[in-house]
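Trainee:
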Amino acid sequence: RVTSPTLIGTPIYQSGVDRGDVIHQIDSEAILSEDDLDRIIENHAPGDTVTIKLISRGVDKTAQLIFGVHPGLEVVPFEHADREVTVDIEAFRRQWLETRVPGNGEDLRRYCHACKRAYPFAQEYCRYDGDPLQLTSK
Numbered sequence: 003r004v005t006s007p008t009l010i011g012t013p014i015y016q017s018g019v020d021r022g023d024v025i026h027q028i029d030s031e032a033i034l035s036e037d038d039l040d041r042i043i044e045n046h047a048p049g050d051t052v053t054i055k056l057i058s059r060g061v062d063k064t065a066q067l068i069f070g071v072h073p074g075l076e077v078v079p080f081e082h083a084d085r086e087v088t089v090d091i092e093a094f095r096r097q098w099l100e101t102r103v104p105g106n107g108e109d110l111r112r113y114c115h116a117c118k119r120a121y122p123f124a125q126e127y128c129r130y131d132g133d134p135l136q137l138t139s140k
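Residue numbers (our numbering): 3 to 140.
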């Protein structure tokens, strides 16, 4: 059962589903639990189209749903997205950091909360215990 209003513009909204509707089948797979729904969603990518069967206000309906991209944003450095870091991008980064960090930014460190070791800012995890590094030593 859809327990909250669907957001305008989302794929589920565009397929005509709203609060109170019961989705009981996606393509040929029955939806008997939330786990079934999660499993089916995980097996589809943006752009995939499925047929959903639902009960809306007591009426059996069939609709098409086109999976979209999750609306959340993730900011990642170019190199983590398998993109080339050009000389221009490196220059932009240096210039940006110089306006926000005293000195040239090379002294930025991250710290391991568990063992208190300091690492270069680019490092994300402690080499010794694998813990995520923090921006401060406290």
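C-beta atoms are modelled at their ideal positions from N, C-alpha and C, and glycine is treated no differently.
Keep in mind that this is a model prediction, so the values were computed, not measured.
Thinking just about the alpha-carbon of each residue, which of Ile-10, Asp-50 and Val-61 is nearest to the one in His-26?
Mentor: Of the listed residues, the one whose Cα sits closest to His-26 is Val-61.
Trainee: Would you call the CB atoms of Ile-42 and Ile-57 closer than 8 Å?
Mentor: Not closer than 8 Å, so no.
Trainee: Could you tell me which residues DSSP pairs with Arg-112 in its beta bridges?
Mentor: Bridge partners of Arg-112: Tyr-121.
Trainee: Give the DSSP-derived three-state secondary structure of Asp-62 in the structure shown.
Mentor: Strand at Asp-62.
Trainee: Here's the rule I'm using: 16 or more other beta-carbon atoms within 10 Å means buried, otherwise exposed. How should Asp-23 be labelled?
Mentor: Buried is the call here.
Trainee: Mind checking which residues open and close the beta strand (DSSP E) that includes Val-89?
Mentor: Taken as a continuous stretch (DSSP letters only), Val-89 belongs to no beta strand (DSSP E), being part of the alpha helix (DSSP H) at 89-100.
Trainee: Are Tyr-2 and Leu-135 touching if we call contact CB-CB under 8 Å?
Mentor: This structure leaves residue 2 out entirely; the chain is present only between 3 and 140.
Trainee: Taking the alpha-carbon of Gly-132 as reference, which of Cys-117, Phe-123 and Leu-39 has the nearest alpha-carbon?
Mentor: Answer by Cα proximity: Cys-117.
Trainee: Helix, strand or coil: which one does DSSP assign to Tyr-130?
Mentor: Tyr-130 falls in the coil class under three-state DSSP.
Trainee: In terms of alpha-carbon separation, which member of Asp-37, Ser-17, Phe-69 and Gln-125 lies closest to Lys-55?
Mentor: For Lys-55, the nearest C-alpha among the options comes from Ser-17.
Trainee: Return yes when the Cβ of Ile-33 is within less than 8 Å of the Cβ of Gly-49, no when it is not.
Mentor: No, Cβ-Cβ distance for Gly-49 and Ile-33 is not below 8 Å.
Trainee: Determine the direct distance from the alpha carbon of Ala-124 to that of His-115, and round the result to whole angstroms.
Mentor: Each residue's Cα considered, the two are about 16 Å apart.
Trainee: Under a Cβ-count criterion, where at least 16 other Cβ atoms within 10 Å of its own Cβ denotes burial, should Val-19 be classed as buried or exposed?
Mentor: So Val-19 ends up on the buried side.
Trainee: Can you check DSSP and say which residues form a bridge with Glu-147?
Mentor: In this structure the chain extends from 3 to 140, so residue 147 is not present and cannot be described.
Trainee: Counting only the same chain and skipping the five closest in sequence on each side, list residues whose C-beta sits under 8 Å from that of Thr-5.
Mentor: For Thr-5, where only same-chain residues beyond five positions count, the Cβ hits under 8 Å are Arg-21.
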